[in-house]
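Protein chains in written order, with this note's numbering: chain A, 171 to 528; chain B, 171 to 528. Yeah, the Cβ is synthetic: ideal placement off N, Cα and C, and Gly gets one too. Here the structure is a predicted model, which is why all the values come from computation and not from measurement.
2 protein chains.
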Amino acid sequence: MHAVIMAGGRGTRFWPRSREKKPKHLLDITGDKTLIQQTFDRVKPIVGPKNVLIVTGKKHARELARQLPEVPAENIIIEPQGKNTAACIGLAALHIIKKYGDGVMVLLPADHAIGNPEEYQKVLSAAIQATQQPEALITIGIKPDSPQTGFGYIEKGEALPAVSGREIFRVLSIREKPDTALAQSFVQSGNFYWNSGMFVWKASVILDQIEKFLPELHKGLTEIENSFGSTREARTVAAVYKNLPSVSIDYGVMEKAQNVFVLPADFGWSDVGSWDAVCDLALKDDKGNASTTDSQVIFEDTSNSFVYSPHKLTALVGVKDLIVVDTKDALLICKKGRSQDIRNVVEKLERKKMKKYL
Amino acid sequence: MHAVIMAGGRGTRFWPRSREKKPKHLLDITGDKTLIQQTFDRVKPIVGPKNVLIVTGKKHARELARQLPEVPAENIIIEPQGKNTAACIGLAALHIIKKYGDGVMVLLPADHAIGNPEEYQKVLSAAIQATQQPEALITIGIKPDSPQTGFGYIEKGEALPAVSGREIFRVLSIREKPDTALAQSFVQSGNFYWNSGMFVWKASVILDQIEKFLPELHKGLTEIENSFGSTREARTVAAVYKNLPSVSIDYGVMEKAQNVFVLPADFGWSDVGSWDAVCDLALKDDKGNASTTDSQVIFEDTSNSFVYSPHKLTALVGVKDLIVVDTKDALLICKKGRSQDIRNVVEKLERKKMKKYL
Chain A
171 MHAVIMAGGR GTRFWPRSRE KKPKHLLDIT GDKTLIQQTF DRVKPIVGPK NVLIVTGKKH
231 ARELARQLPE VPAENIIIEP QGKNTAACIG LAALHIIKKY GDGVMVLLPA DHAIGNPEEY
291 QKVLSAAIQA TQQPEALITI GIKPDSPQTG FGYIEKGEAL PAVSGREIFR VLSIREKPDT
351 ALAQSFVQSG NFYWNSGMFV WKASVILDQI EKFLPELHKG LTEIENSFGS TREARTVAAV
411 YKNLPSVSID YGVMEKAQNV FVLPADFGWS DVGSWDAVCD LALKDDKGNA STTDSQVIFE
471 DTSNSFVYSP HKLTALVGVK DLIVVDTKDA LLICKKGRSQ DIRNVVEKLE RKKMKKYL
Chain B
171 MHAVIMAGGR GTRFWPRSRE KKPKHLLDIT GDKTLIQQTF DRVKPIVGPK NVLIVTGKKH
231 ARELARQLPE VPAENIIIEP QGKNTAACIG LAALHIIKKY GDGVMVLLPA DHAIGNPEEY
291 QKVLSAAIQA TQQPEALITI GIKPDSPQTG FGYIEKGEAL PAVSGREIFR VLSIREKPDT
351 ALAQSFVQSG NFYWNSGMFV WKASVILDQI EKFLPELHKG LTEIENSFGS TREARTVAAV
411 YKNLPSVSID YGVMEKAQNV FVLPADFGWS DVGSWDAVCD LALKDDKGNA STTDSQVIFE
471 DTSNSFVYSP HKLTALVGVK DLIVVDTKDA LLICKKGRSQ DIRNVVEKLE RKKMKKYL
């Protein structure tokens, strides 16, 4: 039994805190620990610290090892470049098969937040048990509380016998991010869940599915597998990765595969997709203001505002609905609800080649 | 002929830039030079650099001397404590009489901005000429463009023969800051000017007026005058100042005196009374945004906002009507139109004894 934490994201939306060298999952954006530390802490009791694998890029491997000293060095799998989730998952599956012949793998994004870790652990344990069904691909579906257009959706079908006392359904369809009207109809029907990006399956099962639906990717993975343990392993991985198709596991496999199941979950999940999401998660005072605990902030006739400013005294006067993020070399002031547009700032910095701020 | 620059202000409204050690007039809040440097540069051509006196507090004398190297050290007059403008002006008058027997003195607040310095110099020259009338107290009245309630007003009466081709009127009344309705009636009448706090008169004339209307202050000033040049001068000034009445020259003398005249002026005057006033003076782009020239600021879908942030890259996203002031240890974000309330922040800092930010 293994947990595979996928730590490939860049997270430009958390600028100026997130930078090329410090993507979102390496930041303590929701609390004292970084998002990947929180992910590790949550899954550790289920699989044990030695069975946590992490797939990441070369740039972030050292910081990641520093943040997660309990993870054995050989468990940190380096991708020479990001090729979306299908390649990442395939590579992790190869490592598990090489070491143990086969095994259940729990796939987890590195940068999500969970309000109720106990419930999360129960759901994952049930999902692991559900992989005993032949060829099963288990998804974790989040009960939606609003018609979000930023997530994919999972449509449930026939109910199966409960697993560890929990509902489980056959999946009718996996849907890409919908428009607002479609999202509303999904939520109203009661048959759809948000696709959390968390999956549970056997390594051998997902490799078979990749072979079936993504033969080009599978061919590359086989080349890599054949180089394992040889002197040409690193060179082979680098050469093969360059030409791998970049495709998500959802689009490349899940939308087409049989034997996909969904475990509905309600454990306070957030993908922490933006500063607005961080604001939603933050503890607020009676005027809706929030600030990171260590900083000194004066809210003067101010409401519904969020301040991250650990290095200096910060005063807000007569404002509302602001997100303020102050770092050592850059300051962001953003209207709440507009944090998606921080990408435009990062793009401007890229165009102007202001690398020190990226 | 002397110019006396009154540099006693504290300027809490410019927090976090203004601090106890750096009041407004010592800051380059409107451009490359500090406000007092600009005041000095404007008046220097009229009276000559050696005839500029500056009255200030002990805390600021060294920085002031550094900013104004052309001013002789003995021209910097230290008040042991602030006692409003009547005492300040009286003390300066004593120094002029001691050194030169008598002389015209041009009284100038240290912290105002002037859009048209040439016009300003012409007005002051005419005002100096007008002091040849016996016992004349000359005020500079600013033509009002709106019913401001933050200024005092000067009511004109009978017109006198022009001085250097400029209108001059006898003053009917000097008014304290009015309420909105009164201010509106003042401006509509066409008979009122804003009281700029700039005055021109002979040293002997104002001392006579102080003797008449503020006898207690005059008694103290006489004690100080008698100590001039003796070993007990500093001690006497300190002891006398402690008990001097704290009163403005407007309230203490001008409202009651005869022979008060007003020269109407229109030279782009601003008292730079708040961050909002600084915003009004700043050069703006086509969306009404302004920033200090040297700093890197990205305005993303942002309008009518002002940024002072010399030390770091600053990005504003989806906001409007904001004033952002970032200093090394404190950050202010204030809604435009609310900059008067920055005082409340400073008061909070005082109550919490957070001295390092004061």
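### Message
With a threshold of 8 Å between beta carbons, is G422/B in contact with chain A?
### Response
So no, G422/B is outside the interface.
### Message
Please return the same chain residues whose Cβ sits closer than 7 Å to the Cβ of N254/A, not counting the five positions on each side in sequence.
### Response
So the list reads S416, V417 and S418, once near-sequence residues are dropped.
### Query
Listed in chain order, which residues of the region 497–524 of chain A have Cβ atoms closer than 7 Å to some Cβ of chain B?
Look at the region 497–524 of chain A: the residues with a C-beta under 7 Å from a C-beta of chain B are D499, A500, L501, L502, I503, C504, K505, R508, D511, I512, N514, V515 and K518.
### Exposure label - H195/B; buried when at least 16 CB within 10 Å
Result: buried.
### Message
Quick check on the burial criterion: 16 or more other C-beta atoms within 10 angstroms. Buried or exposed for G111/B?
### Response
Outside the shown range of chain B, which is 171 to 528, sits residue 111/B, and nothing can be said about it.
### Message
Could you check whether D441/B and H282/B sit closer than 8 Å to each other, using their CB atoms as the reference points?
### Response
Result yes, Cβ atoms of H282/B and D441/B sit closer than 8 Å.
#### Entry: Whole-Å CB distance - R183/A paired with R513/A, under 8 Å assumed
With 8 Å as the limit, R183/A and R513/A qualify as a contact, their Cβ atoms being about 6 Å apart.
### Query
Mapping DSSP to helix, strand and coil, what is M171/A?
Three-state result, M171/A: coil.
### Query
Taking the continuous beta strand (DSSP E) assigned at R336/B, which residues delimit it?
Its beta strand (DSSP E) spans residues R336 to R345.
### Message
Counting only beta-carbon separations shorter than 8 Å, does I468/B have a partner in chain A?
### Response
Yes, because at least one Cβ of chain A sits closer than 8 Å to the Cβ of I468/B.
### Residues sharing a beta bridge with T226/B, DSSP
T226/B is bridged to A177/B and I248/B.
### Query
When DSSP labels each residue in this structure, what does K192/A get in the three-state scheme?
Residue state, collapsed to three classes: strand.
### Query
If you follow the alpha helix (DSSP H) that G260/B is part of, which residue opens it and which one closes it?
Element bounds for G260/B: N254 to Y270.
### Task
Taking only the alpha-carbon atoms, compute the straight-line gap between P219/A and Q207/A and give it to the nearest angstrom.
If I take the Cα positions, the gap works out to 12 Å.
### Message
For a quick check, are the C-beta atoms of C449/A and K505/A less than 8 Å apart?
### Response
If you check the CB distance, C449/A and K505/A do not come in under 8 Å.
### Message
Closer than 8 Å is the cut-off here; do at least three beta carbon pairs connect the region 257–272 of chain B with the region 374–388 of chain B?
### Response
Proximity of the region 257–272 of chain B to the region 374–388 of chain B meets the contact definition, three or more beta-carbon pairs being nearer than 8 Å.
### Task
Under the assumption that V225/A contacts M275/A (Cβ atoms under 8 Å), give the Cβ distance between them as a whole number of angstroms.
That pair is no contact at about 11 Å.
### Query
Taking Cβ-Cβ distances shorter than 9 Å, what residues in chain A pair up with D471/B?
Neighbours of D471/B on chain A, chain order: K505, R508, D511 and N514.
### Message
Determine, for G488/B, whether the minimum Cβ-Cβ distance to residues of chain A falls below 8 Å.
### Response
G488/B counts as touching chain A.
### Query
Going along chain B in order, which residues have a C-beta closer than 8 Å to the C-beta of R528/A?
A small correction: the amino acid at residue 528/A is Leu; Arg does not occupy that position in the sequence shown. The premise fails here: L528/A is roughly 11 Å from chain B at the closest Cβ pair, so nothing lies under 8 Å.
### Message
At a CB distance below 7 Å, what residues from the region 307–321 of chain A approach chain B? Give them in sequence order.
### Response
Those residues of the region 307–321 of chain A that come within reach of chain B (Cβ to Cβ, closer than 7 Å) do not exist; the list is empty.
### Beta-carbon spacing of I131/A, L294/A below 8 Å
Chain A is shown from 171 up to 528; residue 131/A falls before or after that span and cannot be answered.
### DSSP three-state assignment for T401/A, whether helix, strand or coil
Coil.
### Message
Contact defined as beta carbons within less than 8 Å: I believe P434/B pairs with G311/B. What is the distance between those atoms, to the nearest angstrom?
### Response
P434/B to G311/B, Cβ: 5 Å. Contact.
### Query
So, is the C-beta of K269/A closer than 8 Å to a C-beta in chain B?
No, K269/A does not count as interfacial toward chain B.
### Query
Would the beta-carbon of I298/A fall within 8 Å of that of V370/A?
Yes; because the gap between Cβ atoms is below 8 Å, this pair is in contact.
### Query
If you drop the 5 nearest sequence neighbours on each side, which residues of the same chain put their C-beta closer than 6 Å to that of A447/B?
Contacts found: S440.
### Within-8 Å CB hit, D484/A to chain B
Rather than Asp, the amino acid found at residue 484/A in this sequence is Thr. Judged by the 8 Å Cβ criterion, T484/A is in contact with chain B.
### Task
Say whether chain B places a C-beta atom closer than 8 Å to the C-beta of V442/A.
No, its Cβ sits nowhere closer than 8 Å to a Cβ of chain B.
#### Entry: the region 316–330 of chain A contacting the region 356–364 of chain A, beta-carbon criterion three pairs below 8 Å
Yes, the region 316–330 of chain A touches the region 356–364 of chain A.
### Message
Using a Cβ-Cβ distance cut-off of 8 Å, determine whether S479/B contacts chain A.
### Response
Answer yes: the Cβ-Cβ gap between S479/B and chain A drops below 8 Å somewhere.
### Query
Between T200/B, G227/B and L238/B, which lies nearest to D211/B when the distance is taken from Cα to Cα?
For D211/B, the nearest C-alpha among the options comes from L238/B.
### Task
Starting from T209/B, trace the alpha helix (DSSP H) both ways and give me its first and last residue.
Element bounds for T209/B: L205 to V217.
### Task
Just the C-alpha distance for A351/B and G327/B, rounded to the nearest angstrom, thanks.
Each residue's alpha carbon lies about 22 Å from the other.
#### Entry: Closer than 8 Å to chain B by CB, L492/A
Interface residue (Cβ-Cβ distance to chain B less than 8 Å): L492/A is classified as such.
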